[in-house]
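**Q** Below you will find the structure I want to go over with you.
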Amino acid sequence: MKLVLISLTTLGLLCGGPGTAFAQKMNTTNQTELATVGGGCFWCVEAVFERLDGVKSVVSGYAGGKTANPTYEQVCSGETGHAEVTQIEFDPKKISYEKLLETFWEAHDPTTLNRQGADKGTQYRSVIFHHTEAQKAAAEKSKKEAQKHFPSPIVTEIAPLTKFYKAENYHQDYYRNNSRAPYCQVVIRPKLEKLDKKKGEKSR
Numbered sequence: 170m171k172l173v174l175i176s177l178t179t180l181g182l183l184c185g186g187p188g189t190a191f192a193q194k195m196n197t198t199n200q201t202e203l204a205t206v207g208g209g210c211f212w213c214v215e216a217v218f219e220r221l222d223g224v225k226s227v228v229s230g231y232a233g234g235k236t237a238n239p240t241y242e243q244v245c246s247g248e249t250g251h252a253e254v255t256q257i258e259f260d261p262k263k264i265s266y267e268k269l270l271e272t273f274w275e276a277h278d279p280t281t282l283n284r285q286g287a288d289k290g291t292q293y294r295s296v297i298f299h300h301t302e303a304q305k306a307a308a309e310k311s312k313k314e315a316q317k318h319f320p321s322p323i324v325t326e327i328a329p330l331t332k333f334y335k336a337e338n339y340h341q342d343y344y345r346n347n348s349r350a351p352y353c354q355v356v357i358r359p360k361l362e363k364l365d366k367k368k369g370e371k372s373r
């Protein structure tokens with residue numbers, strides 16, 4: 170679905186080439202940490218986490234596969250083993266890893282295997298790539314707690330992050346830069362509005 174909705178102008182930016190591997194501690198300071206998750210289209214996940222207080226940056230990319238320096242087209246083929254993910258730099262003094270995971274569970278359906286809405290394929294799988302043993306334990310605990318809110322079994326993969334490859338530049342800040350695009354209007358905007366409604370209900 171995404172491939173159909175990308176404009177010709179956007180496709181022209183593909184000449185920027187594939188992303189390069191990021192180290193787990195890349196772009197962090199002594200005050201920030203990294204979290205890496207996938208919950209379907211990374212345009213959606215990126216838009217969700219960019220709005221959270223305490224999040225310093227969100228980078229869309231690929232992880233969990235066997236192909237080095239993959240391109241978007243390669244990942245979309247489903248043959249690389251990579252998932253579309255976002256790598257989140259956050260300040261743990263302002264927002265905890267556990268709070269990020271709470272948003273992660275609310276922002277997608279973790280009970281559908283290799284699918285989110287009309288986006289199908291292993292590249293859209295629900296996954297948490299942990300950076301440390303502490304994150305692994307927190308993810309497993311969070312998954313167990315989240316299961317109470319879903320009638321069907323959660324199929325989210327929890328695995329160690331090996332390498333993260335930054336996606337092509339036109340994927341970065343996609344919703345901010347293309348809010349009028351059909352995919353943004355039909356898929357991302359309603360998702361954000363739904364999350365805002367849930368947040369409002371919780372604050373009452």
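According to our numbering, the sequence shown holds residues 170 to 373 in order. Don't be surprised by glycine CBs; every beta carbon is placed ideally from N, CA and C.
1) With DSSP as the reference, identify every bridge partner of Thr255, one or two as the case may be.
2) Mind checking Pro239: buried by the 16 CB within 10 Å criterion, or exposed?
3) Report, in whole angstroms, the separation of the C-beta atoms of Ala308 and Leu270, which I expect to be a contact under 8 Å.
4) Alpha carbon to alpha carbon, how far is Pro351 from Leu330?
5) Evaluate contact between the segment 245-265 and the segment 352-359, counting only Cβ atoms and requiring at least three cross-stretch pairs below 8 Å.
6) What residue ranges within the segment 262-333 form continuous alpha helix (DSSP H) runs of no fewer than 4 residues, ordered along the chain?
7) Which of helix, strand or coil does DSSP assign to Lys335?
8) Shortest alpha-carbon distance to Ser289 belongs to which of Ile297, Glu302, Asn346, Asp278?
9) If contact is defined by three or more beta carbon pairs under 8 Å, each pair taking one atom from either stretch, is the segment 256-274 in contact with the segment 310-318?
10) Report the partner residues of Val224 according to the DSSP bridge assignment.
11) With a 10 Å radius around its C-beta and 16 neighbouring C-beta atoms as the bar for buried, classify His318 as buried or exposed.
12) Quick one: what does DSSP say Ala192 is sitting in, helix, strand or coil?
13) Exposed or buried, which one is Asn338 when buried takes at least 16 other CB atoms within 10 Å?
14) Are Glu258 and Leu221 closer than 8 Å when you measure CB to CB?
15) Relative to the ligand ZN, is the shortest distance from any of its heavy atoms to the C-beta of Thr301 smaller than 7 Å?
**A** Judging by the given coordinates:
1) Answer is Val206, Ser229.
2) Counting Cβ neighbours within 10 Å, Pro239 comes out buried, since at least 16 surround it.
3) Distance from Ala308 to Leu270 at the Cβ level is roughly 7 Å; contact confirmed, criterion being Cβ atoms closer than 8 Å.
4) So the two alpha carbons sit approximately 32 Å from each other.
5) The segment 245-265, when compared against the segment 352-359, does not touch it at the 8 Å Cβ threshold.
6) With a minimum length of 4 residues, the continuous alpha helix (DSSP H) runs that stay inside the segment 262-333 are 266-275, 302-315.
7) It is a strand residue.
8) Just to set this straight, residue 289 is Lys in the shown sequence, not Ser. When only C-alpha atoms are compared, the closest one is Asp278.
9) Short answer: they touch.
10) Phe259.
11) Exposed, because fewer than 16 other Cβ atoms sit within 10 Å of the Cβ of His318.
12) Model confidence at Ala192 stands at a pLDDT of 42, short of 50, so the residue's coordinates are unreliable and nothing is read from them.
13) Asn338 is exposed by the Cβ-count criterion.
14) Going by C-beta atoms, Glu258 is not nearer than 8 Å to Leu221.
15) No copy of the ligand ZN appears in this structure; indeed no ligand is present at all.
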